[in-house]
């Protein structure tokens, strides 16, 4: 059955390629490197010269051999690298030795907390892969996908990375926007606002998303219509309990727009929000995280000029199973930064994406620099600059390979205010009864309406 499905995807892809070769974004000879010297998502298969970045193996698809795991029920994922120890640790004292492999934000964080902050560097692993059906669509996108509507959309095919061999900043931008994620996600997640002195204010929401782009039915079909539906039900802080936000994400911001509604439990009314996104505060964050900072950037790209600043080696969070076990928040959340005993960094190749605010546009961030993991297309680290052009914030996302869905998933993230010394720990679920329930495919667009969030709030 799986072979029949793969053959069907390949047949559609090859047929469309023959019909549309004139619109190819990279030459066929270049795209032919995918799955050979390049991985199917465009990363260099070979390791680096000294072996500190290993060669890609892709030997694991889904649940690793010998691991007991039940899919799509919210089981915390076993850490197959749990017995490994750090090769070394980077601190303020020795960071000059590794400066070419750190971002400006990482350096600033180490300097801010010289006695407690450290970056534990573990052996690198490139063991996980996407399934063949997704790789077939990536190949299709390599030849035909293109940025349209002044950068606000992509003409391509759903369910996979659009630009495995990106040539422009906007192409790299869209890789982070629409790589390949969970088709459905249901998670009760916590948010910690950690003050400079270590005091913590808590937020909690129930986040439920349906991604049409990543559904099995959409795989390989042309990008069109709606991308995803999301509800965020606030549980904490108490003063906001019962508030619900519904957002509907477009596939193309040039021909459609993000729609959002808010249910207010105080008035028991639902109202449509005239604008939702950009630097508006994320629900439950007390204004410390912007809506468009989730996954380091999401939403329309129109306020920034995006440029690709090359490829580099960098220490970034990777294979972050360790931090997503059932850990007590008191052990994880510490003043200034999380407990480094639970973080895991590896040396990886990243593509550097820079966004500079366009003239006559406003935003809290005048510049944002994101570091895109070459193996996955996901932004894993980012530096944010204020209106004066000064480094202000640093963010990191702990991605892990989700056995449920055979894809990478954005786990707990941290947003640091480098001026005040405070930070936000976002998307925590370590003390919740369940981890994210991924790929259950039990949601429908009809569940995401203004009337539905009224009933949810009540």
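Numbering (the working numbering), first residue to last: 14 to 471.
All C-beta atoms, glycine included, are put in the ideal place defined by N, C-alpha and C.
Predicted model only: the values in this text are computed from it and were never measured.
Counterpart residues of residue i in DSSP-defined beta bridges
{"i": "residue 407", "result": "396, 429"}
{"i": "residue 363", "result": "325, 386"}
{"i": "residue 303", "result": "294"}
{"i": "residue 257", "result": "246, 276"}
{"i": "residue 495", "result": "Absent from the structure is residue 495, since the part of the chain shown begins at 14 and ends at 471."}
{"i": "residue 102", "result": "133"}
{"i": "residue 330", "result": "358"}
{"i": "residue 217", "result": "203, 249"}
{"i": "residue 416", "result": "Looking at the DSSP assignment, residue 416 forms no beta bridge with any residue, so it has no partner."}
{"i": "residue 141", "result": "73"}
Endpoints, the alpha helix (DSSP H) within which residue i is located
{"i": "residue 43", "result": "41-44"}
{"i": "residue 186", "result": "182-190"}
{"i": "residue 121", "result": "117-125"}
Three-state secondary structure assigned by DSSP to residue i
{"i": "residue 159", "result": "strand"}
{"i": "residue 49", "result": "coil"}
{"i": "residue 172", "result": "coil"}
{"i": "residue 467", "result": "helix"}
{"i": "residue 378", "result": "coil"}
{"i": "residue 459", "result": "helix"}
{"i": "residue 153", "result": "helix"}
{"i": "residue 338", "result": "coil"}
{"i": "residue 97", "result": "coil"}
{"i": "residue 147", "result": "helix"}
{"i": "residue 109", "result": "helix"}
{"i": "residue 263", "result": "strand"}
{"i": "residue 454", "result": "coil"}
{"i": "residue 232", "result": "coil"}
{"i": "residue 351", "result": "strand"}
{"i": "residue 369", "result": "strand"}
{"i": "residue 423", "result": "strand"}
{"i": "residue 164", "result": "helix"}
Top-ranked residue by Cα proximity to residue i, from the options
{"i": "residue 331", "options": "384, 315, 373", "result": "384"}
{"i": "residue 241", "options": "61, 311, 96, 113", "result": "311"}
{"i": "residue 201", "options": "426, 166, 432, 447", "result": "447"}
{"i": "residue 141", "options": "397, 460, 389", "result": "389"}
{"i": "residue 346", "options": "429, 42, 75", "result": "429"}
{"i": "residue 105", "options": "121, 95, 96", "result": "121"}
{"i": "residue 370", "options": "317, 352, 343, 159", "result": "317"}
{"i": "residue 301", "options": "53, 262, 378", "result": "378"}
{"i": "residue 234", "options": "401, 157, 294, 198", "result": "157"}
{"i": "residue 264", "options": "169, 458, 152", "result": "169"}
{"i": "residue 319", "options": "451, 287, 381, 455", "result": "381"}
{"i": "residue 63", "options": "81, 326, 182", "result": "326"}
{"i": "residue 185", "options": "279, 50, 55", "result": "55"}
{"i": "residue 239", "options": "114, 223, 43, 305", "result": "223"}
{"i": "residue 252", "options": "205, 217, 244, 272", "result": "217"}
{"i": "residue 38", "options": "152, 50, 137", "result": "152"}
{"i": "residue 163", "options": "266, 348, 178", "result": "266"}
{"i": "residue 203", "options": "248, 194, 193", "result": "248"}
{"i": "residue 470", "options": "400, 291, 286, 282", "result": "282"}
{"i": "residue 433", "options": "455, 422, 426, 404", "result": "404"}
{"i": "residue 437", "options": "307, 111, 79", "result": "307"}
First and last residue of the uninterrupted beta strand (DSSP E) at residue i
{"i": "residue 206", "result": "197-207"}
{"i": "residue 438", "result": "436-441"}
{"i": "residue 277", "result": "272-277"}
{"i": "residue 285", "result": "282-285"}
Distance cut-off 7 Å: residue i Cβ against heavy atoms of the ligand COA
{"i": "residue 132", "result": "In the structure on display, the ligand COA does not appear, and there are no ligands present to speak of."}
Same chain, Cβ closer than 7 Å to residue i, neighbours up to 5 away in sequence not counted
{"i": "residue 435", "result": "207, 208, 209"}
{"i": "residue 340", "result": "355, 443"}
{"i": "residue 333", "result": "357, 411, 412, 413, 424"}
{"i": "residue 175", "result": "154, 158, 167, 169, 187, 188, 191"}
{"i": "residue 270", "result": "263"}
{"i": "residue 92", "result": "334, 335, 338"}
{"i": "residue 85", "result": "417, 450, 451, 452, 453"}
{"i": "residue 374", "result": "316"}
{"i": "residue 75", "result": "416, 419"}
Cβ-based neighbour list, residue i, same chain, cut-off 6 Å, excluding 5 preceding and 5 following
{"i": "residue 392", "result": "189, 309, 383, 385"}
{"i": "residue 22", "result": "Here the model assigns residue 22 a pLDDT of 47, short of 50, so the residue's position is not dependable, and the following value carries that caveat. If we look at residue 22 and ignore the five residues flanking it on each side, its Cβ neighbours are 146, 149, 233."}
{"i": "residue 30", "result": "Its pLDDT being 40, under 50, residue 30 is placed unreliably in this model, and the value from its coordinates should be taken loosely. Within the same chain, residue 30 has close Cβ partners 156."}
{"i": "residue 161", "result": "168"}
{"i": "residue 73", "result": "140, 141"}
{"i": "residue 65", "result": "360"}
Beta-carbon proximity list for residue i, same chain, < 8 Å, skipping 5 on both sides
{"i": "residue 231", "result": "171, 172, 225"}
{"i": "residue 134", "result": "99, 100, 101, 102, 103, 328, 358, 359, 360"}
{"i": "residue 458", "result": "223, 225, 239, 242"}
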